[in-house]
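Participant: Going by full-length UniProt numbering, the residue at position 114 of the sequence shown is 114; the numbering climbs one at a time, nothing skipped.
Yeah, the Cβ is synthetic: ideal placement off N, Cα and C, and Gly gets one too.
All values derive from a computational prediction rather than experimental measurement.
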Amino acid sequence: MITVNLDTISRLMDLARTFHAKEQVVIPQEPNSPSDDWALQALADHDDDEYYAEFESIIDDLEPDQQQEVVALMWLGRGDGTLEEWDDLLKQAGEQWNTRTADYLIAHPFLAEYLREGLDLQGYGEE
């Protein structure tokens with residue numbers, strides 16, 4: 001069960017789609033964990049992007065356990081685990097949590113699709 005407001009997740013999905021649709025956004029590879037610092041390097045050129053700034057602000061306003069839920073939801077949606085393994089995904093997200101969650105998430109070019117799939121698997125369908 002997701003405790004993060006679904007409207008918040010929907011806004012994050014919209015911002016991610018808009019951010020990634022820009023031509024100048026280039027993400028060289030997928031990160032393996034939230035602690036990888038490559039995301040900071042890849043996103044350094046986008047600090048002044050309004051969509052990135054709003055995305056980061058929303059994530060930073062979430063409590064750490066809610067940030068971990070969003071990460072676990074992304075992992076679920078990209079197939080890193082099943083719904084039956086949700087608790088394990090949450091635990092892993094907690095173990096790997098750091099203050100750069102927004103960078104880690106936005107660095108995934110298919111973030112919006114992963115979150116949508118994760119919500120679908122959680123039974124939320126199209127919101």
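Going by beta-carbon coordinates alone, are residue 133 and Tyr104 separated by less than 7 Å?
Facilitator: The requested residue 133 does not occur in the structure, where the chain is confined to residues 1 to 127.
Participant: Who are the near neighbours of Gly118 in its chain, counting only those whose CB is closer than 7 Å to its CB and skipping five residues on each side?
Facilitator: Same-chain partners within the cutoff: Leu73, Met74, Leu76 and Gly77.
Participant: May I ask you to report which of helix, strand or coil DSSP gives Tyr52?
Facilitator: The answer is helix: DSSP assigns Tyr52 an H, G or I state.
Participant: Between which two residues does the alpha helix (DSSP H) holding Ala21 run?
Facilitator: That run of the alpha helix (DSSP H) goes Leu6 to Ala21.
Participant: Report all residues from its chain with a CB closer than 7 Å to the CB of Phe55; omit the five preceding and five following residues, and keep chain order.
Facilitator: Excluding residues within five positions, the ones whose Cβ falls inside 7 Å are Leu12, Leu15, Ala16, Phe19, Ala102 and Ile106.
Participant: Cα separation between Asp80 and Phe110?
Facilitator: In a straight line, the C-alpha of Asp80 is about 14 Å away from that of Phe110.
Participant: Pop quiz: Gln68 and Trp97 are said to be a contact at Cβ under 8 Å. What is the actual Cβ separation, rounded to whole angstroms?
Facilitator: Sure, about 5 Å apart at Cβ, within 8 Å.
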